[in-house]
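Quick note on numbering: the sequence shown equals residues 1 to 113 in the UniProt record's numbering.
Cβ atoms here follow ideal geometry from the backbone N, Cα and C, with glycine treated the same way.
Step one of this worksheet: look at the structure below.
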Amino acid sequence: MDVLNLTPDSFSDGGKFQSVETAVSQVCLMLSEGADIIDIGAQYTRPFASRISAEEELDRLIPVLEAVLEIPELEGKFLSVDTFYSKVASEAVNKGAHLIKDVSAGQLRLQHA
């Protein structure tokens, strides 16, 4: 599993993947290095981070999700979306995501924004 963070100030990658093009390039690299699952997160999950709305999360996520799903090398792999909003989870699955990862372990109950 490899993780793509779409947040502007990600602690792990410094917000490098703010455009669809850079995000797709990174996913292609991840797949070429053997990732079988790509997990995309568009919401801050670090402790004490300010939450963004479901709408803002969707604005970050959906263009990248749609583009990543078009990558031929994704065939036979899994695409996961990291969210705790039910609206985001539902939209991601409708667009083609295979898995939903809730980092709150259900504690936020996939709440609505």
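Limits of the beta strand (DSSP E) - the one that residue i falls within
{"i": "V81", "result": "F78 to D82"}
{"i": "K101", "result": "L99 to K101"}
{"i": "I38", "result": "I37 to G41"}
Residue i vs residue j beta-carbon contact at 8 Å
{"i": "V93", "j": "E57", "result": "no"}
{"i": "M30", "j": "I40", "result": "no"}
{"i": "I71", "j": "V27", "result": "yes"}
{"i": "D82", "j": "V68", "result": "no"}
{"i": "Y85", "j": "A54", "result": "yes"}
Range of the contiguous alpha helix (DSSP H) that encloses residue i
{"i": "L4", "result": "Note, L4: premise wrong, no alpha helix (DSSP H); beta strand (DSSP E) at D2 to N5."}
{"i": "T22", "result": "V20 to S32"}
{"i": "residue 116", "result": "Lying outside 1 to 113, the shown extent of the chain, residue 116 is not represented and no answer is given."}
{"i": "S104", "result": "S104 -> no alpha helix (DSSP H), and no H or E assigned at all."}
{"i": "S86", "result": "S86 to K95"}
6 Å CB neighbourhood of residue i in its chain, flanking five on each side removed
{"i": "D36", "result": "K77"}
{"i": "A42", "result": "L6, E57, R60 and L61"}
Residues near residue i in its chain [Cβ-Cβ closer than 8 Å; skip 5 each side]
{"i": "L65", "result": "I40, L79, V81, A92, K95, G96 and A97"}
{"i": "E33", "result": "D2"}
{"i": "T22", "result": "K16"}
Rounded distance between the beta-carbons of residue j and residue i, thought under 8 Å
{"i": "R60", "j": "L6", "result": "5 Å"}
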